[in-house]
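Novice: So the protein lines, in turn, are chains A and B. Mapping to this note's numbering: the first sequence position 15 is 15, numbers consecutive. Here this note's numbering = 1-based position in the second sequence + 115.
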Amino acid sequence: AQSVAQPEDQVNVAEGNPLTVKCTYSVSGNPYLFWYVQYPNRGLQFLLKYITGDNLVKGSYGFEAEFNKSQTSFHLKKPSALVSDSALYFCAVRDNSGSARQLTFGSGTQLTVLP
Amino acid sequence: NAGVTQTPKFRVLKTGQSMTLLCAQDMNHEYMYWYRQDPGMGLRLIHYSVGEGTTAKGEVPDGYNVSRLKKQNFLLGLESAAPSQTSVYFCASSNPSGSGTGELFFGEGSRLTVL
Chain A
1 AQSVAQPEDQ VNVAEGNPLT VKCTYSVSGN PYLFWYVQYP NRGLQFLLKY
51 ITGDNLVKGS YGFEAEFNKS QTSFHLKKPS ALVSDSALYF CAVRDNSGSA
101 RQLTFGSGTQ LTVLP
Chain B
116 NAGVTQTPKF RVLKTGQSMT LLCAQDMNHE YMYWYRQDPG MGLRLIHYSV
166 GEGTTAKGEV PDGYNVSRLK KQNFLLGLES AAPSQTSVYF CASSNPSGSG
216 TGELFFGEGS RLTVL
């Protein structure tokens, strides 16, 4: 079975400071890892993914994530936070087998960027 | 540029009533999913479909039924609504692309309240 843990329900950061949203995973085989963002009363939007290759993945809106196989982590980062980055962030994982490509989502981390 | 469209967006039901949520996608995606989102629990997969005429159970299928009579539509039915089914429901779609990554595209959500 695959699982995702987002250990922080809430992350607060000042505008202009770097931000990190943590994610650890468990999966058999090689992982496919994703980050999604959800703004209030909206659906989830894809941010970035790790499939293979370079451990540092760059995505939309200046976000990036670092895949660390030994620590089974895939933390989301941004060098300089914006107030508009305030949203709910979800990490998701699936293994590289199976026909339905089912994702398992974490419980979400609410990011608040303070002006 | 509609993407994934869910109807209705809001609905209030009494216990025991039935209803159907409709999901339509215009991206010619093979795979479609229904998730529910509850506070602190992330997204949980209810049912999914890997193609027209096929459906399968996800993590929390009890109390729900689905149908995929047309490739572009995926219906979620509640035969006898219960207060525990009060939630926000999200439909998503994806394609088994050549890279096999298939990130999900989400609708805006349907907020259901069962009294």
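Idealized CB from N, CA, C, for every residue including glycine. In this text the structure is predicted, and so the values were computed from the model without any measurement.
For chain B, find out if any of its Cβ atoms is closer than 7 Å to the Cβ of A/S107; answer yes or no.
Specialist: So, interface residue.
Novice: Under 7 Å between C-beta atoms, does A/G43 make it to chain B?
Specialist: Yes, contact with chain B.
Novice: For B/A171, which residues of its own chain have a beta-carbon under 8 Å away from its beta-carbon, when the five flanking residues on both sides are left out?
Specialist: These residues qualify, in order along the chain: H162, Y163, S164 and V165.
Novice: Are there three or more Cβ pairs, one per stretch, closer than 8 Å when the stretch 30-40 of chain A is compared with the stretch 50-58 of chain A?
Specialist: Result yes; three or more Cβ-Cβ pairs closer than 8 Å.
Novice: Using a Cβ cut-off of 7 Å, pull out every chain A residue sitting near B/M156, in sequence order please.
Specialist: The contacting residues are S107.
Novice: Just to confirm, is the Cβ distance from B/P243 to B/E145 under 7 Å?
Specialist: There is simply no residue 243 of chain B to check, as chain B begins at 116 and stops at 230 in what is shown.
Novice: Keeping to the same chain, check which residues put their C-beta closer than 6 Å to that of A/L103; ignore five residues upstream and five downstream.
Specialist: A92 and R94, listed in sequence order.
Novice: Looking at chain A, is there any beta carbon in it that lies within less than 7 Å of the beta carbon of B/F205?
Specialist: Closer than 7 Å to some Cβ of chain A, the Cβ of B/F205 qualifies, so yes.
Novice: Short of 8 Å in beta carbon distance, which residues of its chain neighbour B/G168, apart from the five on each side in sequence? Order them along the chain.
Specialist: Taken in chain order, the residues that qualify are R183 and L184.
Novice: State the Cα-Cα distance for the pair B/G191 and B/R151, rounded to the nearest angstrom.
Specialist: Rather than Gly, the amino acid found at residue 191 of chain B in this sequence is Leu. Approximately 11 Å, taken between the alpha carbons.
Novice: Can you check DSSP and say which residues form a bridge with A/A5?
Specialist: Paired residues: A/T24.
Novice: Cα separation between B/F220 and B/L137?
Specialist: If you take the alpha carbons of B/F220 and B/L137, they lie about 16 Å apart.
Novice: Identify the contact partners of A/L103 in chain B, using a Cβ-Cβ distance below 7 Å as the criterion.
Specialist: Within chain B, the residues near A/L103 are L219.
Novice: Let me know if A/T109 comes out buried or exposed under the rule of 16 or more other beta-carbons within 10 Å of its beta-carbon.
Specialist: So A/T109 counts as buried.
Novice: What residues in the stretch 10-35 of chain A have a beta carbon less than 9 Å from any beta carbon of chain B?
Specialist: The stretch 10-35 of chain A vs chain B, Cβ under 9 Å: Y32 and F34.
Novice: For B/S133, which of helix, strand or coil comes out of DSSP?
Specialist: Of the three classes helix, strand and coil, the one that applies to B/S133 here is coil, per DSSP.
Novice: For a contact defined as C-beta to C-beta under 7 Å, what are the partners of A/F74 on chain B?
Specialist: Within 7 Å Cβ-Cβ: nothing; A/F74 doesn't reach chain B, min ~14 Å.
Novice: By Cβ distance below 8 Å, which residues in the same chain neighbour A/T20 in space, the five residues on each side in sequence not counted?
Specialist: These residues qualify, in order along the chain: V11, H75, L76 and K77.
Novice: Cα separation between B/M134 and B/Q187?
Specialist: Straight-line Cα distance between these residues: approximately 20 Å.
Novice: Can you tell which of B/Q140, B/T228, B/S202 and B/Q121 has its C-alpha closest to the C-alpha of B/M156?
Specialist: Looking at the Cα atoms, B/S202 is the closest of the given residues.
Novice: From what residue to what residue does the beta strand (DSSP E) around B/G192 run?
Specialist: Run containing B/G192: N188 to L193, per the beta strand (DSSP E) assignment.
Novice: Say whether chain B places a C-beta atom closer than 7 Å to the C-beta of A/K69.
Specialist: Judged by the 7 Å Cβ criterion, A/K69 is not in contact with chain B.
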